[in-house]
């Protein structure tokens, strides 16, 4: 969380997906993960919520994505998400859909709520049947508690090395409103509509259409602007549940508090997105790329994503090699309009290219900007006023090692 | 070269870019490469040629690309290409263009031909001024010889571990016609119009419009269907020079020999493209992916390229891990129309998925198909009749090591 955001909102210490009033969660080790770590859980609200979500655009969506998308289309309301790691329940055909439906049913029975208010999210290996015996034995044993957020954040992890949580608080109509969230990454991360799994709970009262547009706007600027490996998952799901338990007045698109809510939601999602990129599989460095001076926002977004997505930029980052030509080459491949005589590039605070050519700065000076766990680059295209920011990570030997024997 | 191709054409043993009559080449170590290896040369024809080319679509094209493209647009004729490795002459502004022009001029003087009949190709580090003192000292010392093809193929290498050459012979109107070529890769390889550098020389007599359409057709099916790392270079250039010295009748789009010529050209380019993918930076395995049953050729091409381009598929290939869900996930991200209930997948000769789900084949059986230096996969989308083939390689620790300190 940057200083400027913490001035606008209060960042809650120890924030989690259960930081907003009325949210509970719990998880346990059901035996789905071979490691024996927590892998099954429920995230729920005391009261039914306005619920919106963004899902993967992958043409092979996993069964939980199909189920949750269909339920939210029929009815923008939900009260809980049953989740698991260790098995993606993707490429499992009709049986996969039946299993996702049963998983929701089991959670609904356990919570004593209507089955169609339960959504499902799964992550893990693709193409393996869901071990439903473990799910059936596990779900009834999940204890959902107001302080269960951290437990849930552990249980959604796959190759993540650490949980990713964040919460903020701000005022709406004299009442404190909170937004809390958790995400998991960290491979097959190149979100297109949403990231692998994200759970966002707020006690604000939101009009459904505003909730949907706010989420889409924020996801486009946060989770959709990170990449780890250029592969969009079959299971990407980002849920926003709003239960209204803050008692604050409802927020709609025309409300004076609308922009405030969007900014707070963006603060949470930015923090979570950065945590995902920093924990990218094998990563040792977070890369933040700003593109300015673009002719359109679409150009700026495409250029920023191309730089963080370039294998060669990522490998150079790993070696702290200020091989800036690779950055321009990536921008040149992005489809963004460029004028080679106008483009400028900074690595950290050092300008390495101006009007498309080297500034003559020494390699050592540029390289010094690549030390440390976070590196920034800025490309100014010199053509317009549009800008965008994207996040990625370095490409390391550890990524290859981790992914060369994932299923075996 | 596969058996079926060798039945149609004669593959010349020891084929090179100077296998066709009247082509010569030479190279030397001018000192541009820090390693002291050969890095500067000339590829030339005894007689002026019909000349066509495809170039990178990168919006930051290197100076030699701009120069060569402009010359061929003005006049589809050329007689020589001056080339160097060790410096890409990209992102060098107006000075880069002046240097490329001077390089052509020096070669023209040395060969005693008109300067506008000389094209230029460079490969190496981006954003570094061309060491023109070395070029000025080197070009006049290059000896072009009919047997100089192998020497030239060595001198265009950058991170390539071996030269890539091929030549075939076939008959046109009772005369033997030859096509010989060389390419270099092997990083920043995700061609869009053409590959890094390719030189194709034939002694056929070609009508210019037919030469252009034949080259485009073949490049789309060969060099544009390989990827090493998803990064399209600033310097991609693929030249086809036809000098007519075979004495065979001219070939135009309506000639009975047109399809024959295209097939022979495709045989040469397929061989060279496979050699590039197999020698991808750090690669230990060549991956050939066939997509069939697609609704359109564009879908088939996109799906095949997505699979060979997926970091996760490439890493799994390296570890011989038959994690087939990653293949479907890549197809699902390609933009191709899919029906999840119809897709089928084979690794080698073992079918691992049918109607979108696992066939239940054992991991060991599938893994056995991933041993060896060449692995094939086939995806049948079950929707139509369009097909495409793409080539890539595995992602290895060696790729990361090589690219994390390339410029330093």
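Residue numbers (the numbering used here), protein chains in the order written: chain A, 1175 to 1582; chain B, 1175 to 1582. We put the beta carbon where it would ideally sit given N, CA and C, even for glycine. Please read these numbers as outputs of a predicted model, since none were measured by experiment.
Mind checking which residues open and close the alpha helix (DSSP H) that includes residue 1138 of chain B?
Nothing can be reported for residue 1138 of chain B, as the shown portion of chain B is limited to 1175 through 1582.
When you check each C-beta in the stretch 1244 to 1258 of chain B against every C-beta of chain A, which residues fall closer than 7 Å?
Residues passing the 7 Å Cβ filter: none.
Using a 10 Å radius around the Cβ and a threshold of 16 neighbouring Cβ atoms, would you call residue 1405 of chain B buried or exposed?
Numbered from its first residue, the second chain carries residue 1405 of chain B at position 231. With 16 or more Cβ atoms within 10 Å of its Cβ, residue 1405 of chain B is classed as buried.
Please list the partners that residue 1299 of chain B has in chain A, where partner means a Cβ-to-Cβ separation under 9 Å.
For the purposes of this step, residue 1299 of chain B is taken as the residue at position 125 of the second chain. Per Cβ cutoff of 9 Å: 1497, 1499.
Output, in chain order, the set of chain B residues within a Cβ distance shorter than 9 Å of residue 1584 of chain A.
Beyond the ends of chain A as shown, which are 1175 and 1582, falls residue 1584 of chain A; an answer cannot be given.
For a cutoff of 8 Å on Cβ pairs, would you count residue 1512 of chain A as touching chain B?
For the purposes of this step, residue 1512 of chain A is taken as residue 338 along the first chain, with counting starting at 1. By this cut-off, residue 1512 of chain A is an interface position.
Mind the definition here: the stretch 1469 to 1478 of chain B touches the stretch 1499 to 1515 of chain B only if three or more C-beta pairs lie below 8 Å; say whether that holds.
yes
Are the beta-carbon atoms of residue 1259 of chain B and residue 1207 of chain B separated by less than 8 Å?
Your numbering for residue 1259 of chain B matches position 85 in the second chain. Your numbering for residue 1207 of chain B matches position 33 in the second chain. For residue 1259 of chain B and residue 1207 of chain B, yes; Cβs fall inside 8 Å.
Quick one: measure Cβ to Cβ for residue 1186 of chain A and residue 1392 of chain A, integer angstroms, because I've assumed they're closer than 8 Å.
One-based indexing of the first chain puts residue 1186 of chain A at position 12. One-based indexing of the first chain puts residue 1392 of chain A at position 218. So it is not a contact: roughly 18 Å between Cβ atoms.
CB of residue 1420 of chain B within 8 Å of CB of residue 1377 of chain B, strictly:
What you label residue 1420 of chain B is simply residue 246 of the second chain in a count that begins at 1. What you label residue 1377 of chain B is simply residue 203 of the second chain in a count that begins at 1. In contact: residue 1420 of chain B and residue 1377 of chain B (Cβ atoms closer than 8 Å).
Given that residue 1515 of chain A touches chain B, what residues does it touch there, using C-beta distances under 8 Å?
For this step, residue 1515 of chain A is matched to residue 341 along the first chain. Result: 1267.
Identify the contact partners of residue 1362 of chain A in chain B, using a Cβ-Cβ distance below 8 Å as the criterion.
Within the first chain, residue 1362 of chain A is the residue found at index 188, counting from 1. Counting only Cβ-Cβ distances below 8 Å, residue 1362 of chain A has contacts in chain B at 1486, 1500, 1503, in chain order.
N-terminal and C-terminal residue of the alpha helix (DSSP H) that residue 1220 of chain B is part of:
For the purposes of this step, residue 1220 of chain B is taken as the residue at position 46 of the second chain. Segment 1214 to 1229 is the beta strand (DSSP E) holding residue 1220 of chain B; no alpha helix (DSSP H) there.
Assigned secondary structure, residue 1374 of chain B (DSSP; H/G/I helix, E/B strand, else coil)
Within the second chain, the letter at position 200 stands for residue 1374 of chain B. DSSP places residue 1374 of chain B in strand when its eight states are reduced to three.
Would residue 1539 of chain B pass as an interface residue toward chain A - the criterion being a Cβ-Cβ separation below 8 Å?
Reading the second chain from its first residue, position 365 is the one you call residue 1539 of chain B. False, the Cβ-Cβ gap to chain A never drops below 8 Å.
Which one or two residues does DSSP pair with residue 1341 of chain B in a beta bridge?
Counted from its first residue, the second chain places residue 1341 of chain B at position 167. Paired residues: B:1354.
Does the structure place the stretch 1562 to 1579 of chain A close enough to the stretch 1479 to 1494 of chain B that three or more beta carbon pairs sit under 8 Å?
yes
Classify residue 1239 of chain A as helix, strand or coil using the three-state DSSP reduction.
To locate residue 1239 of chain A, count along the first chain from 1; it is residue 65. Helix.
Below 8 Å on C-beta distance, what does residue 1571 of chain A contact in chain B?
As a first step, residue 1571 of chain A must be located in the first chain, where it is residue number 397. Those are 1571, 1574, 1575, listed as they occur along chain B.
Rounded to whole angstroms, what's the CA-CA distance from residue 1518 of chain A to residue 1506 of chain A? Just pull it up for me.
As a working mapping, residue 1518 of chain A is identified with position 344 in the first chain. As a working mapping, residue 1506 of chain A is identified with position 332 in the first chain. One C-alpha to the other measures close to 13 Å.
Which full runs of the alpha helix (DSSP H) of 4+ residues lie inside the stretch 1231 to 1290 of chain A, going along the chain?
1237 to 1248, 1267 to 1285
What's the C-alpha gap between residue 1562 of chain A and residue 1548 of chain A?
In the first chain, the residue the question calls residue 1562 of chain A occupies position 388. In the first chain, the residue the question calls residue 1548 of chain A occupies position 374. For residue 1562 of chain A and residue 1548 of chain A, the distance between alpha carbons rounds to 18 Å.
Under 7 Å between beta-carbons, which chain B residues line up against residue 1579 of chain A? List them in chain order, please.
The residue given as residue 1579 of chain A occupies position 405 in the first chain. The answer, in chain order, is 1493, 1495.
Determine the chain B residues that contact residue 1261 of chain A at a beta-carbon separation under 9 Å, and present them in chain order.
The count along the first chain starts at 1 and reaches residue 1261 of chain A at position 87. Residues of chain B passing the Cβ test: none, with the nearest at roughly 11 Å.
For residue 1473 of chain B, return the contacting residues in chain A, with the cut-off set at a CB-CB distance below 8 Å.
Sequence index remark: in the second chain, residue 1473 of chain B carries index 299 (1-based). Here the premise fails: no neighbours, minimum Cβ distance about 11 Å.
Which of the three DSSP states, helix, strand or coil, is assigned to residue 1452 of chain A?
Locating residue 1452 of chain A in the first chain gives position 278, where the first residue counts as 1. Three-state result, residue 1452 of chain A: helix.
Starting from the beta carbon of residue 1403 of chain A, find every residue of chain B whose beta carbon is closer than 7 Å, and list them in chain order.
By one-based count along the first chain, residue 1403 of chain A stands at place 229. Ordered by position in chain B, the residues that pass the 7 Å Cβ test against residue 1403 of chain A are 1485, 1486.
Please compile the residues from chain A whose C-beta is within a distance smaller than 7 Å of the C-beta of residue 1532 of chain B.
Walking along the second chain from the start, residue 1532 of chain B turns up at place 358. In chain order: 1301.
Indicate whether at least one CB of chain A lies closer than 8 Å to the CB of residue 1233 of chain B.
Within the second chain, the letter at position 59 stands for residue 1233 of chain B. Residue 1233 of chain B counts as touching chain A.
Give the range of the alpha helix (DSSP H) segment to which residue 1503 of chain A is assigned.
In the first chain, the residue the question calls residue 1503 of chain A occupies position 329. From DSSP, the alpha helix (DSSP H) with residue 1503 of chain A extends over 1499 to 1506.
Per DSSP, the bridge partner or partners of residue 1299 of chain B:
Here the question's residue 1299 of chain B lines up with position 125 in the second chain. In DSSP, residue 1299 of chain B forms a bridge with B:1261.
Going along chain A in order, which residues have a C-beta closer than 9 Å to the C-beta of residue 1506 of chain B?
As a working note, residue 1506 of chain B is residue 332 in the second chain. Result: 1230, 1231, 1232, 1233, 1234, 1235, 1406, 1408.
Could you pull the DSSP bridge partners for residue 1536 of chain A from this structure?
Sequence index remark: in the first chain, residue 1536 of chain A carries index 362 (1-based). For residue 1536 of chain A, which the question treats as bridged, DSSP gives no partner whatsoever.
Could you tell me whether the Cβ atoms of residue 1191 of chain B and residue 1354 of chain B are closer together than 8 Å?
As a working note, residue 1191 of chain B is residue 17 in the second chain. As a working note, residue 1354 of chain B is residue 180 in the second chain. Against a cut-off of 8 Å, the Cβ pair of residue 1354 of chain B and residue 1191 of chain B comes out as a contact.
Which residues in chain A sit within 7 Å of residue 1264 of chain B, going by Cβ to Cβ distance?
Residue numbering aside, residue 1264 of chain B sits at position 90 when the second chain is read from its first letter. Within chain A, the residues near residue 1264 of chain B are 1499.
Consider the Cβ of residue 1457 of chain A: report whether some Cβ of chain B lies at a distance smaller than 8 Å.
Within the first chain, the letter at position 283 stands for residue 1457 of chain A. Chain B contact via Cβ: absent.
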